[in-house]
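Those protein sequences? They're chains A and B, same order as listed.
For the first sequence, our numbering gives the first residue as 15, with consecutive numbering after it.
For the second sequence, our numbering gives the first residue as 3, with consecutive numbering after it.
The C-beta atom is built at its ideal place from N, Cα and C for all residues, glycine as well.
None of the values given here were measured: they were computed from a predicted structure.
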Amino acid sequence: MILTPLWTDLMVWALVLGATVGGWFAARSLRTRRQWHNIFRSGTAMASAIVLLFYLFFTLLDSVHFRTVSEMPGTKSEQVVYAPMQSLLDLLLAHNLKNSERTYSAPFATHEYAKSIVVDADGETRQAYLPLKHVSGESSPVKRTLTALLTGLGMSILGIMFHIWCCSRERFKTVLIKRLRGEDTLPWRTAYLTFSVLLLLFTWLYVMSFDYHVLGTDKVGGDVLYQSIKSIRTGVLIGILTTLIMLPVAVLLGVSAGLFGGWVDDAIQYLYTTLSSIPGVLLIAAGVLVMQVMMDGHPEWFASTLERSDLRLLFLILILGITSWTGLCRLIRAETLKISQIEFVTAAKAFGVGKLTIIRRHIVPNLMHIILISVVLDFSGLVLAEAVLSYVGVGVDPTMYSWGNMINQARLEMAREPMVWWSLFSAFVFMFILVLAANLLSDRIQKVLDPRNSL
Amino acid sequence: MKPILTVKELSLVSGEEKVLDGVSFEIKQGEIFALVGESGSGKSLTSLAIMRLLPEAIRVSSGDVRLQEKSLFALPEYKMQKVRGKKIAMIFQEPMNALNPVMTVGEQVAEVIRLHLGLAQEAVRDKVVSLFEEVALKEPHERYHWYPHQLSGGQKQRVMIAMALACEPDLLIADEPTTALDVTIQAQVLELLKRIRERRKLSILFITHDMAVVYQLADRVAVMRHGAIVEEAACRTFFEHPGHPYTQSLLRDAMGSGQARIVSSESTRLLEVKGLKVHFPVRKGFFQRISGYVKAVDGISFSIPKGKTLALVGESGSGKSTTGQAILSLLPVSAGSIKFEGEELTRLGAKALKLYRQKIQVVFQDPFSALNPRMSIGEIIREGMVSLGVGPARKREQDAYMEELLLRVELKAEHLHRFPHEFSGGQRQRIGIARALAVKPELIICDEPTSALDVSVRAQILKLLKRLQQESSVSYLFITHDLSIVSEIADEVAVMKEGRIVEQGTVENVMHTPHHPYTKQLLASAPRLPTAYQI
C-alpha cells in the first residue's frame, strides 16, 4: 500500500495542521482563550461546532488517498500492479460501492422502482418489478436497528467518558454528575447530546447500509448514501480552501490600501471596483472554460480521472478565491483607515516604528475579529456557491461526487412520473445541516467578537 | 410651595449589585437643581430612572418618584409616554446623536408638538418658529428647513432645547448639555437656560461634573458619589461651607492650587517655531486637482524654554492639535521652521528624524484609544524603547526599567503584564505618560491630556506632570481648551484662533490683563468658581 496524496489532500491537511498550531499559539493569550470560552458558552454554538467537526472528520477521512497492490491471478509476479486510488472513507464504505444496482430504487426498497420487461421460463413476456441484487431482505430490520442503536450508544458513552477522563482533573464521578445536571460554565451536556445523536444516526445508517440502500439508488444504480457522504469532502473543501486563498489577498490589499493611501489606495480600489462590477458567475464561467481548455491541452498533468477531477476542483477553488476577495478587502480597507487614525498608531509613529511593524503589531490584531467573522460567514456561502455552479455546469468535474452534481442530475429525475425524489432530498439534507451549523456558529462568533455587541 | 418632583429613597440594582442607594431629593417650581458627581456616580441613572428609561439590566428595587404628587412608577406605560415630553423633557450631552439627520430640524420639533398637543398644521409651524426665537436661533424661518448637519454644535443644542420646551414641560432634565461644547458656546447656552427658567418658571434638573458651571447656574446642589447623595445644600452655602470631606476635596481639585508658577527667564530655548503653516489641500474632480487649501495652522511662532511649559489654548478647530502633530513631524509642514535645539526639523529625512523622535514625545487626550487593546502594558511601553534604542537592551533589564517607570507614574510594578482594559481612565493616562517617558524625551506634547478625565483624577494627573517636570526638567507643550488649568500647569500661554496665535505671553499677563478681544471673550465665558473660597 502506498500513499498517493492529491493536491487538495495536501492543502487540507496543511490547513488543519496550521489551524492547530495557530490555535495553540493563540491559546497562550488569556484574552483569546476567554473570547472562545465565551463563544462556546452558547449551547447552539457548541452543537453547531460538534456538527461541523463531524463533517470535518469525514472530509479528513476522505482526504487520505492510497493505492493497494492488487492481486490479480493472471499477472506476472515481478510486475506490481496497483488497484485504483482509494481513500479511507472508500475503504469504510466499500460495500456500498460494490453493491451497485441496475437502476433506480427507492430508500429501503427490495425491488426496483420501475417495471422491466422479463421473459418467463415458459417464454411469456411480462412487466414486473425486478428484485434488487444486493438487498436480501432476510435479516429483520428491527433487529438490525436495535443492534445499530446499541452499538452507537456504547460508542458515544465510551467517547464521552474518554473526554471527561482526559480533560478534567477533578474526580470522575463529580464531573459526570455536574455535566449531566448542566452545571458547567460550558454547555457540555448539549455537546454530549449532539455527539450521541449524530453518532447514533451514522451508526444506524452505516449498519443498515449493509442490507439496504438506505437512501435509494440513482439512475445507474449507485448508492445515494455513498454519494452524499463522498460529497462532504467537496463541499467542505470548497468552503475552507477558498477562504484560505482569498484571505491573504484580501488582508494584504485591504491593509495596504487603508494604511498607505495615495496611489496605492487608488490602484487597489480600482482593481476591486472593476472585479466586483463583473457578474460573479460570468467571471467564474470564463475562468472554468480557460482551465478546461488548459487541462485538455495537458493530459500529462493527471494519470487518472480522480486526479483530473481533483485538479479541476483545485482550479475551481483558485478561481473562486480570486473572484471573492473584494468584499472582505473593502471591509478591511475601511477598518484599517479607522484604526490608522486612532491615537495608539500615532503614538507608534511618534516612536519612529516602521510601517510593517505597525501593520503587524497594531493593525492586523485589531482586524482579527472582522477576518474571523467573514471567514465563517463566507464558508456557508461558498458551499452553496458550489451547488449553484455545478448546477449551471461550471462547477466541479461531472465525475466528482458533489451535492451540486447530485442536484443537477435530480433536475431530470424530478420530472419523471413517478418522481425520483431521494437524490435531491439527500443532497439537500446533507448540505442544509452543514450550512445551518456554519451559520449558527458564525452568528455566535459575530455576536461575541464584534466590539459593537458588548455582552 | 409644593415640589414639582420628589425622589424618595430611590434604589436601583443591576443583578446583585446596588448601583443607586437611597437617593432622595426634591425640586421646587422654577428651581435649577444641580446633580454633581464624577463618572459612574449614578447621576445619569437617576435621571433615566425618573424618565423610566432604564436599561433592561437595571431595575428599581425600592423608592418612589413623584411628579406633582403623582407616582410615576405606578403609571402604566402608555400614560408614562404622555408624561415623557409633555411633563418631563430631556436634553442630552451629544446633540449630534439626538437629532435625526434625515429630517429638517423644524419638522423634528413640529413632530413633537403634533404628537402631544394636536395643533393644526399652520399653528404648529408658528409655534416652532416662536420656539426657535425663544432659544435665540437666528433667522428662525430659514432654519426651519435646515438639516442637522448644517447647524453647529451650539445651534443643535438650541434646537434640542426648543424641542424640549415644545410642550411646555414642568421639568427639564439636562444631562451634561454643555460638556461637548466650546466655552464661548457653553456660556451662551447656560445663559439661555437661565433666561428660559426666568420666563417660564421652569424647573431644571441639571446634571454635570463641572463645579464651575454649577456655581454659575444652580439654585441648589446635590453631590453624588458611588450611587448615593453625600451632600445637598443651597448653592451659596454649598460653595461657602462645603460640609462633606469628599465635596471639599472635589472643590479643591476643581479650584486648582490657585498659585501661579514662578517664571524665571534665564533658561535656554528648547523649541523654536517660526511662521509655521500647515495647509491641507482640498482635492476635487476626477483628476483630484487641488482646488484650495484648508489653512489649519496659518503662520504661528512661539518658543518653549527648557524645563518650562507653554499652554496652547483655543477652541475646537483652532488648529492646536495640528500644531502638535506638525512638531512631532507626523504631518507635512507647508511653510515655516521648527527648530529643536537649533536643528531644523522640517528638513530632516526619516532616519535623521529618529534621533528627535526620541526627544519629542506625545501624550494623548483619549486614554481609551491611546493604548492598543491587544498589547500588554509591558509591550506598549517597550515598543518605543526598542524602536528608538533607549534604555537597556536585555529583556530582563528592560522589565526592571519599566517597573521603575511605572512606580514613577504612581502605578504598581505588577501592572506590567496586564492589559489596557483592566485600567481606569486615569490609570491609562498614567500608562500613556510612562510610555512617553520611557524614551527619556526633552519635550512632551500633551494633547488635552486631562479633558476626558474626572475632576479629581485631573488634579492628580496635573500634579504628576508637574512633579515629573521638576524631577527631569522636561518641557511641555500643553494643548488645552480648559482655561481653568492653564495657570496651574503653564509658565506661558498662547491663545489660538482659526490657525493663528492672537495673543501670547506669561500666564500672569494673559490671564489677568488680556489685550486681545478674543482672549477677553474666552476668559469671560469660562465658568468660574468663587475666588474667595478657601479651605
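Reduced DSSP secondary structure (H/G/I, E/B, other) of residue i
i: Pro145 (chain A); result: strand
i: Phe425 (chain B); result: coil
i: His419 (chain B); result: helix
i: His147 (chain B); result: coil
i: Asp457 (chain A); result: helix
i: Phe216 (chain A); result: helix
i: Leu464 (chain B); result: helix
i: Ala337 (chain B); result: strand
i: Tyr295 (chain B); result: strand
i: Ile433 (chain B); result: helix
i: Leu479 (chain B); result: strand
i: Thr139 (chain A); result: strand
i: Met226 (chain B); result: strand
i: Met414 (chain A); result: coil
i: Ser371 (chain B); result: coil
i: Asp473 (chain A); result: This structure gives no information on residue 473 (chain A), because the portion of chain A shown stretches from 15 to 469.
i: Ile537 (chain B); result: For Ile537 (chain B), the predicted model reports a pLDDT of 41, less than 50, meaning its position is unreliable; a value from the coordinates is still stated below. Here Ile537 (chain B) sits in coil by DSSP.
i: His79 (chain A); result: strand
i: His125 (chain A); result: strand
i: Glu71 (chain B); result: coil
i: Leu413 (chain B); result: coil
i: Lys20 (chain B); result: strand
i: Gly44 (chain B); result: coil
i: Lys1 (chain B); result: Lying before the first or after the last residue shown, residue 1 (chain B) is absent from chain B, which here runs from 3 to 537.
Candidates the options: closest to residue i by CA position
i: Leu407 (chain B); options: B:Ser378, B:His423, B:Arg396 and B:Lys442; result: B:Lys442
i: Ala281 (chain A); options: A:Ile292, A:Glu184 and A:Gly268; result: A:Gly268
i: Ile421 (chain A); options: A:His79, A:Thr117 and A:Leu438; result: A:Leu438
i: Val390 (chain A); options: A:Ser62, A:Gly418 and A:Thr46; result: A:Ser62
i: Asp237 (chain A); options: A:Val406, A:Tyr118, A:Lys363 and A:Leu273; result: A:Tyr118
i: Ala300 (chain A); options: A:Gly409, A:Ala28, A:Ala40 and A:Arg158; result: A:Gly409
i: Glu321 (chain A); options: A:Gly36, A:Trp27 and A:Gln100; result: A:Gln100
i: Ser114 (chain A); options: A:Ser456, A:Lys147 and A:Thr82; result: A:Lys147
i: Ala451 (chain A); options: A:Ala97, A:Ala59 and A:Tyr226; result: A:Ala59
i: Glu109 (chain B); options: B:Ala526, B:Asn99, B:Val131 and B:Ile93; result: B:Val131
i: Pro171 (chain B); options: B:Ile382, B:Arg222 and B:Ile206; result: B:Ile206
i: Ile384 (chain A); options: A:Val397, A:Thr350, A:Arg375 and A:Phe365; result: A:Thr350
i: Tyr403 (chain B); options: B:Gly427, B:Ala440 and B:Arg430; result: B:Ala440
Cβ neighbour criterion (16 or more within 10 Å) applied to residue i
i: Thr34 (chain A); result: exposed
i: Lys158 (chain B); result: buried
i: Ile446 (chain B); result: buried
i: Arg145 (chain B); result: buried
i: Gln536 (chain B); result: Bear in mind that the predicted position of Gln536 (chain B) carries a pLDDT of just 44, short of 50, making it too unreliable to give a figure here.
i: Gly368 (chain A); result: exposed
i: Met498 (chain B); result: buried
i: Gly294 (chain B); result: exposed
i: Pro422 (chain B); result: buried
Where the alpha helix (DSSP H) through residue i begins and ends
i: Met498 (chain B); result: First-last for Met498 (chain B): Glu494 to Lys499, but that is the beta strand (DSSP E), not the alpha helix (DSSP H).
i: Gln110 (chain B); result: Val107 to Leu119
i: Gly253 (chain A); result: Val238 to Phe274
i: Ile372 (chain A); result: Lys369 to Ile372
Proximity test, residue i beta-carbon vs the ligand MN heavy atom, cut-off 7 Å
i: Ala59 (chain A); result: In terms of ligand content, the structure shown is empty, and the ligand MN therefore cannot be addressed.
The beta strand (DSSP E) enclosing residue i, as first and last residue numbers
i: Pro2 (chain B); result: This structure cannot speak to residue 2 (chain B), because chain B is shown only from 3 to 537.
i: Phe134 (chain B); result: Looking at the DSSP string, Phe134 (chain B) is not in any beta strand (DSSP E); the run it does join, the alpha helix (DSSP H), is Gln123 to Glu136.
i: Pro283 (chain B); result: Arg271 to Lys286
i: Val132 (chain A); result: Ser130 to Val133
Cβ-based contacts, 9 Å cut-off: residues of the stretch 449-473 of chain B near chain A: Asp449
Using a beta-carbon distance cut-off of less than 8 Å, what residues from the stretch 408-422 of chain B approach chain A? Phe421
Chain B contacts from the stretch 360-393 of chain A (Cβ-Cβ distance under 9 Å): Thr360, Ala361, Ala362, Lys363, Ala364, Phe365, Gly366, Val367, Gly368, Thr371, Arg375, His376, Pro379, Asn380 and Met382
Contact list for the stretch 357-375 of chain B against chain A, Cβ threshold 7 Å: Arg359, Gln363, Val364, Phe366, Asp368, Ser371, Ala372, Leu373 and Asn374
With 8 Å as the C-beta to C-beta threshold (strictly closer), list the residues of the stretch 186-204 of chain B near chain A in chain order. none
Quick one: which residues of the stretch 331-364 of chain A get their C-beta closer than 7 Å to a C-beta of chain D? List them in chain order. Within the model displayed, chain D is absent; protein chains A and B are what it includes.
If the cut-off is 9 Å on Cβ atoms, which residues from the stretch 422-453 of chain A count as contacting chain B, listed in chain order? none
Quick one: which residues of the stretch 36-47 of chain A get their C-beta closer than 9 Å to a C-beta of chain B? List them in chain order. Ser43, Leu44 and Arg45
Contact list for the stretch 424-438 of chain B against chain A, Cβ threshold 9 Å: Gly434, Arg437 and Ala438
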